[in-house]
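Trainee: Questions regarding the structure given below will be posed in turn.
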Amino acid sequence: MEKRAVSIYIHIPFCEKKCPYCDFVSFDNKSEREIALYAENLCQEIKEFNAESADGVCASTVFFGGGTPSFIAPYHIKRILDTIRGTFNVLPSAEITIECNPNSLTDKKLAEYKSFGINRISIGVQSFDNDTLKKLGRTHTAEQAAAAVHAARKAGFTNINIDLMHSIPNSALTIRHPELLNLVTHVSAYALTPDQVPEAQSIREQKLVEKMLRANGFKKYEVSNFARPGYECEHNKVYWDPTREYLGFGTGAHSLFNNKRFSDTESYERTENDIFVETVMLGLRTTRGVSLDILNGKQKQIEELLKLKLVKITKNRLVATQKGFFVLNAIIRKLTG
Ligand SMILES: C[S@@+](CC[C@H](N)C(=O)[O-])C[C@H]1O[C@@H](n2cnc3c(N)ncnc32)[C@H](O)[C@@H]1O
Ligand code: SF4
């Protein structure tokens, strides 16, 4: 029997210091004892899932996200990964990512991650400008962030993402250290939320980031994500395709499995309309767009969007144009309302 591929997300909700802008589930000031207990419970949760329904399931991606997974001792990561391997038959080709903060990533940790089979490093660089980093309340400098990227390369990682943020109030977008881009394969560039700068400024900054990334060999494949050829994030691509399944473990993690979406706080079975809305909403975030086959009955809306040059049709798929990506929510509302 062919095994069914799922993606696995592990939530590590600990950080050295909570950033004022961040609304991810994450806590600072937790003791080693609390962290160890969390890791133990997480392993238990994974094993219990196995007892229920992991039979016939294999893992095509694993993502340690946060919070800051690099903040906790690597042996917790190893133990969790071993538990996943003991439960899910992790494919040899699986993409295994860990999210890291520049100041908690050491050469020793990187060597350990490599020995665990982790093959993708994601580093929260956020900005190349020290004043902006200070304004954001980050605990590292741009130089430390650059050093972390160099260290990841030196440790032998060939698939490296950096997170950047733009649209930060009272802070002109600064593109420094462009040489760093030569060392990375993927960039996630997010506008700071909630919106705190005028829309026109945010669009200007987004365009500037995109131009800089294009000039350095990156291709946009999702509203905030850019990759060199062959380095799109396999894990995130699963989230944007509502036909694919993922399992999240830990507090704040979400799952989609057996047509059910569930987390610590909610659980529901998707209706046909839910699947339609998700397909349009998630598909249009990507440069693959959404198949016209599911948009039967929306010809009038599509015509209007085409006239406004907010969408285009490529190989029987509806795709947002560059202009359309800036008003994605309005396009989605029009097509799903
Ligand atoms: C879970 S954090 C990543 C890892 C690590 N804890 C860090 O901060 O470097 C994921 C990313 O979300 C982005 N992020 C967090 N809060 C945000 C916000 N309010 N607006 C936009 N992006 C945000 C940051 O770029 C951050 O790197
Ligand atoms: S370090 Fe990362 S996860 Fe932690 S609070 Fe800051 S942005 Fe959020």
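Read left to right, the sequence shown gives residues 81 to 417 (my numbering).
Don't be surprised by glycine CBs; every beta carbon is placed ideally from N, CA and C.
#1: For Gly-204, which three-state DSSP category applies?
#2: Regarding Phe-208 and ligand 1, is the C-beta to nearest heavy atom distance less than 7 angstroms?
#3: Between Thr-366, Ile-176 and Pro-278, which lies nearest to Lys-299 when the distance is taken from Cα to Cα?
#4: Where do the N-terminal and C-terminal ends of the beta strand (DSSP E) with Arg-233 fall, by residue?
#5: Given a cut-off of 8 angstroms, decide if Phe-94 and Thr-148 are closer than it, judged by their beta-carbon atoms.
#6: Taking Gly-204 as the reference, which of Phe-356, Ser-173, Ser-150 and Gly-297 has the closest Cα?
#7: What residues in its chain sit with their C-beta under 6 angstroms from that of Ala-228, if we drop five residues either side in the sequence?
#8: Does the contact criterion of 3 or more C-beta pairs under 8 angstroms hold for the stretch 238–258 versus the stretch 271–280?
#9: Roughly how many angstroms lie between the CA atoms of Arg-235 and Ile-198, to the nearest whole one?
#10: Could you tell me if Glu-179 is buried or exposed, where buried requires 16 or more neighbouring beta carbons within 10 angstroms of its beta carbon?
#11: Starting from Thr-359, follow the beta strand (DSSP E) in both directions and report where the run begins and ends.
#12: Taking Cys-99 as the reference, give the member of Leu-272, Gly-328 and Glu-383 with the closest Cα.
#13: In chain order, what residues of the same chain lie with their CB nearer than 6 angstroms to the CB of Ser-304, ignoring the 5 residues before and after it?
Mentor: Judging by the given coordinates:
#1: strand
#2: Because no heavy atom of ligand 1 lies under 7 angstroms away, the Cβ of Phe-208 does not count as near it: no.
#3: Thr-366
#4: No beta strand (DSSP E) holds Arg-233; the alpha helix (DSSP H) holding it covers 222–234.
#5: In this structure, Phe-94 lies closer than 8 angstroms to Thr-148 by Cβ.
#6: Ser-150
#7: Pro-182, Leu-185 and Ile-203
#8: Because the criterion of three Cβ pairs below 8 angstroms is met, the stretch 238–258 and the stretch 271–280 touch.
#9: Correcting the residue type first, residue 235 is Ala in the shown sequence and not Arg. Distance between the alpha carbons of Ala-235 and Ile-198: 12 angstroms.
#10: Looking at its Cβ environment, which holds 16 or more other Cβ atoms inside 10 Å, Glu-179 is buried.
#11: Note, Thr-359: premise wrong, no beta strand (DSSP E); alpha helix (DSSP H) at 352–365.
#12: Leu-272
#13: Within its own chain, the residues whose Cβ lies closer than 6 angstroms to the Cβ of Ser-304, once the five positions on either side in sequence are excluded, are Ser-268, Ala-269 and Tyr-270, listed in chain order.
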